[in-house]
Every structure is written in C-alpha cells, then in structure tokens.
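Chemist: I have a structure I would like to understand better, so I am pasting it below and will then ask my questions one at a time.
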Amino acid sequence: MPVLSEVIAALDALWPPERAESWDAVGTVCGDPDAEVRRVLFAVDPVQEIADEAVRIGADLLVTHHPLYLRGTTTVAAGTFKGRVVHTLIKNDIALHVAHTNADTADPGVSDALAGALDLRVLRPLVPDATDAHGRRGLGRICELPHPMTLAEFGPYAAARLPATAQGVRIAGDPDRTIRTVAVSGGSGDSLFDDVRAAGVDAFLTADLRHHPASEATQKSPLALLDAAHWATEWPWCEQAAAQLDEISDRHGWNLRTHVSRTVTDPWTAHAASDARTTPTNTSGAPR
Ligand SMILES: [Zn+2]
1 MPVLSEVIAA
11 LDALWPPERA
21 ESWDAVGTVC
31 GDPDAEVRRV
41 LFAVDPVQEI
51 ADEAVRIGAD
61 LLVTHHPLYL
71 RGTTTVAAGT
81 FKGRVVHTLI
91 KNDIALHVAH
101 TNADTADPGV
111 SDALAGALDL
121 RVLRPLVPDA
131 TDAHGRRGLG
141 RICELPHPMT
151 LAEFGPYAAA
161 RLPATAQGVR
171 IAGDPDRTIR
181 TVAVSGGSGD
191 SLFDDVRAAG
201 VDAFLTADLR
211 HHPASEATQK
221 SPLALLDAAH
231 WATEWPWCEQ
241 AAAQLDEISD
251 RHGWNLRTHV
261 SRTVTDPWTA
271 HAASDARTTP
281 TNTSGAPR
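Take the sequence shown: its position 97, counting from 1, is numbered 97 in UniProt numbering, and each next residue is one higher.
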C-alpha cells in the first residue's frame with residue numbers, strides 16, 4: 001500500500017507542478033506524506049459537499065482540479081467555508097491535492113478529456129507549449145468532428161455527451177453553418193479568441209463566455225460558439241485522471257481504489273427559459 005508522498009509523486013509526474021501558471025496554486029493543500037492511501041476521490045471543485053462525499057466513501061486522498069485557496073489566507077477557521085473544508089478533511093485523515101493549469105496543458109490534459117467526451121479527434125493543441133518537442137502539450141485542443149454537422153445538429157450533439165447541468169449548452173451562430181473542425185477548451189475560454197480565429201476552425205466550445213468577447217468574435221467572423229457549463233467541460237478530466245492513476249496503481253501493485261465524484265458542483269442550479277411574450281417589440285414611431 002503506497003503512502004501519500006508516493007501517490008503525489010506519481011501525480012506530479014502526470015501533471016508537473018512547475019508547468020502551472022505563475023498565478024496558480026497547485027499541489028498538496030493538506031495531508032500527511034507518510035499516511036497510507038487506499039482510496040482516492042477525483043472531483044472538479046473542493047467544496048463542502050465533495051469533502052463530505054470523500055468522508056462518506058472513506059477516501060484517504062481527494063484530488064481536485066480547482067484550487068481551494070488561490071490566494072494567501074490567514075485563517076483556516078471552521079467558521080469560514082474554506083476552513084470548514086480543511087477541518088472536514090483533516091479530521092477524517094483525508095489529503096487534498098490540486099492539479100489545475102498543470103493539468104490543463106498536460107498530455108493528456110483537461111481538453112483531451114473534453115474532446116474524448118465529445119468523440120472528437122484531437123489534431124493538435126490550440127496554444128502549443130513551445131517546450132514540448134512532440135507538439136502535444138498546450139492549452140485547448142483543435143479537433144475534427146466524427147462527421148460534418150450543422151451547428152443546429154452539433155449543439156444538441158455536444159449537450160447529449162457532456163454531463164448534464166442546469167445550463168446545458170448555449171449556442172451562437174448560423175444554425176445552418178457546417179461544422180467540421182472545432183477548438184475546445186475546458187473551463188473559461190474567452191481569452192483564447194485570437195488563437196481560435198488564427199486556427200481557422202468552424203466552432204469554439206468552451207465555458208464562461210462573456211457578452212463582449214462573444215459578441216466581438218461573432219461579428220468578426222462566422223465562428224460558431226458553444227458555451228457549456230464550466231463544471232461540465234472539466235468533469236471529463238476526472239475520469240481521465242482516475243484511469244491514469246488506476247494504470248499507475250496496477251503497474252506498482254498498489255491496489256488503489258479510485259472514484260470519480262458524480263456530484264454536480266456547477267454553481268448554476270436551475271435554468272428558466274425566456275417567455276416569447278416578453279420579447280421587446282419595436283414600437284418606434286407608433287402612436288402612443
Ligand atoms: Zn476550471
């Protein structure tokens with residue numbers, strides 16, 4: 001049975017912490033390096049319901065994509081919601097380890113898992129890591145659809161393959177546009193529009209697209225946009241990561257039990273469709 005430091009070393013080999021962005025906070029948040037690890041839970045968000053789930057299944061290690069603390073803190077008091085997570089984990093001998101932007105750009109990384117969930121063929125990274133001689137690491141992925149589809153078909157296709165959320169998938173663009181190639185990026189992707197345009201793809205699937213970047217992108221070119229829930233675009237990585245650790249565990253004879261949380265931790269919990277009767281009508285010039 002491995003100890004935490006051995007499991008963390010294996011995870012650091014998959015997602016080297018030095019490849020994380022300088023603003024990021026990756027690595028081990030809490031945990032005893034000498035504690036034995038039998039059960040590992042993978043999840044996107046280190047929120048209380050995930051900490052509680054880790055306790056419930058008897059996990060010794062929780063691996064999340066998002067950091068618990070991105071900036072410094074002066075308290076882990078249980079009266080704060082993050083401190084409550086820390087207390088829950090430490091009281092139950094559960095370590096927390098974070099792989100964030102170092103997992104985004106890895107080979108395979110978060111966007112490979114997203115492409116896999118969508119049955120897309122990965123061609124290359126959207127923003128290649130210049131230090132990777134093989135040209136496989138980097139941010140986002142440029143992919144080919146299994147067969148060309150209209151945007152009207154590709155939207156429901158993506159929504160049906162991503163884990164279900166209240167948001168679903170928002171779509172921008174000409175519904176009749178044929179989509180052959182798509183750039184995908186797990187998480188917030190609206191800083192990548194220049195790279196997406198330079199790649200010359202038919203569509204961009206990501207999360208958290210804001211009004212102005214999306215509006216400008218669709219005005220500049222016929223690029224189609226698909227905006228999924230942030231959690232949904234990154235959750236496939238949890239399954240990929242668990243499979244990677246399973247493979248390592250088999251190789252070392254560790255006999256680890258890995259679990260992937262099915263708890264939806266996207267913060268948006270409901271969606272109310274607009275009522276067509278509230279569509280503004282153009283009454284300019286009409287007599288009042
Ligand atoms: Zn994210």
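Just so you know, even glycine gets a beta-carbon here, dropped at the ideal spot from N, CA and C.
From the DSSP secondary-structure annotation, give me the bridge partner or partners of Ala203.
Modeler: Bridge partners of Ala203: Val182, Ala224.
Chemist: Mind checking who Phe42 pairs with in its DSSP beta bridge?
Modeler: According to DSSP, which records beta bridges pairwise, Phe42 is partnered with Val63, Val260.
Chemist: Between Ala272, Pro108, Val260, Leu70, which lies nearest to Trp15 when the distance is taken from Cα to Cα?
Modeler: Checked all of Ala272, Pro108, Val260, Leu70; the closest Cα to Trp15 is Pro108.
Chemist: The alpha helix (DSSP H) that contains Glu247, what's its start and end?
Modeler: Unbroken alpha helix (DSSP H) run through Glu247: 230-252.
Chemist: Please report the straight-line C-alpha distance between Ser274 and Ala229, rounded to a whole angstrom.
Modeler: Roughly 18 Å between the two C-alpha positions.
Chemist: To the nearest angstrom, report how far apart Ala10 and Ala103 are at their CA atoms.
Modeler: Each residue's alpha carbon lies about 13 Å from the other.
Chemist: Relative to the C-alpha of Leu89, which candidate in Ile57, Ala172, Thr74 has its C-alpha closest?
Modeler: For the residues Ile57, Ala172, Thr74, the minimum Cα distance to Leu89 belongs to Ile57.
Chemist: I want to check one thing, is the minimum distance from the CB of His230 to the heavy atoms of ligand 1 below 7 Å?
Modeler: Yes; taking the cut-off as 7 Å, the Cβ of His230 has a heavy atom of ligand 1 nearer than that.
Chemist: Could you say which of Ser221, Arg262, Ala158 lies nearest to Met149 if we only look at CA atoms?
Modeler: Comparing Cα positions, the closest option is Ala158.
Chemist: Counting Cβ pairs, one atom from each stretch, are 3 or more of them under 8 Å apart for the stretch 118-132 and the stretch 39-52?
Modeler: The answer is no - the stretch 39-52 does not touch the stretch 118-132, with fewer than three Cβ pairs under 8 Å.
Chemist: Could you give the distance in angstroms between the alpha-carbon of Thr269 and the alpha-carbon of Thr28?
Modeler: Looking at the two C-alpha atoms, the distance is approximately 29 Å.
Chemist: Confirm, please, whether the CB-CB distance from Val7 to Val37 is below 8 Å.
Modeler: Yes; because the gap between Cβ atoms is below 8 Å, this pair is in contact.
Chemist: Is the beta carbon of Gly200 within less than 7 Å of some heavy atom of ligand 1?
Modeler: No, the Cβ of Gly200 stays beyond 7 Å of every heavy atom of ligand 1.
Chemist: Have a look at Ala20, Leu4, Asp52, Lys220 and flag the residue whose alpha-carbon is nearest the alpha-carbon of residue 320.
Modeler: Since the first residue shown for the chain is 1 and the last is 288, residue 320 is missing from the structure and cannot be characterised.
Chemist: Less than 8 Å between CB atoms is the rule here; does Asp104 satisfy it with respect to chain D?
Modeler: The question asks about chain D, but that chain is absent: this structure has only one protein chain.
Chemist: For Val55, collect the residues of the same chain with a Cβ closer than 6 Å to its Cβ; drop the 5 residues on either side in sequence, then sort them by chain order.
Modeler: Here the set comprises Asn92.
Chemist: Give the DSSP-derived three-state secondary structure of Arg277 in the structure shown.
Modeler: Residue state, collapsed to three classes: helix.
Chemist: When the Cβ atoms of the stretch 166-174 are set against those of the stretch 219-239, are three or more pairs found closer than 8 Å?
Modeler: The answer is yes - the stretch 219-239 touches the stretch 166-174, with three or more Cβ pairs under 8 Å.
Chemist: Hey, how far is the Cα of residue 292 from the Cα of Leu151?
Modeler: Given a span of 1 to 288 for the chain in the structure shown, any question on residue 292 remains unanswerable.
Chemist: With a threshold of 7 Å (Cβ to nearest heavy atom), would Gly27 be considered close to ligand 1?
Modeler: Incorrect: Gly27 has no Cβ contact closer than 7 Å to ligand 1.
Chemist: So, at 6 Å on beta carbons, what are the nonlocal neighbours of Thr181 in its own chain, with the 5 sequence-adjacent residues on each side left out?
Modeler: For Thr181, where only same-chain residues beyond five positions count, the Cβ hits under 6 Å are Glu144, Val201, Asp202.
Chemist: Does the Cβ of His271 have 16 or more other Cβ atoms within 10 Å, making it buried, or fewer, making it exposed?
Modeler: It is exposed - the Cβ of His271 has fewer than 16 other Cβ atoms within 10 Å.
Chemist: Going straight from the alpha carbon of Thr74 to that of Lys82, what length do you get?
Modeler: Distance between the alpha carbons of Thr74 and Lys82 is about 12 Å.
Chemist: What are the start and end residues of the beta strand (DSSP E) that includes Leu14?
Modeler: Looking at the DSSP string, Leu14 is not in any beta strand (DSSP E); the run it does join, the alpha helix (DSSP H), is 4-14.
Chemist: Could you tell me how far apart the beta carbons of Gly186 and Leu114 are, in whole angstroms, since I believe they sit closer than 8 Å?
Modeler: That belief holds up - the Cβ atoms of Gly186 and Leu114 are roughly 5 Å apart, short of 8 Å.
Chemist: Who are Ala99's beta bridge partners in DSSP?
Modeler: According to DSSP, which records beta bridges pairwise, Ala99 is partnered with nothing at all.
Chemist: Expressed to the nearest angstrom, what Euclidean distance is found between the alpha-carbon atoms of Ser5 and His147?
Modeler: Going from the Cα of Ser5 to the Cα of His147 covers about 45 Å.
Chemist: Alpha carbon to alpha carbon, how far is Pro128 from Arg210? Give it in angstroms, no decimals.
Modeler: Computed Cα separation, rounded: 24 Å.
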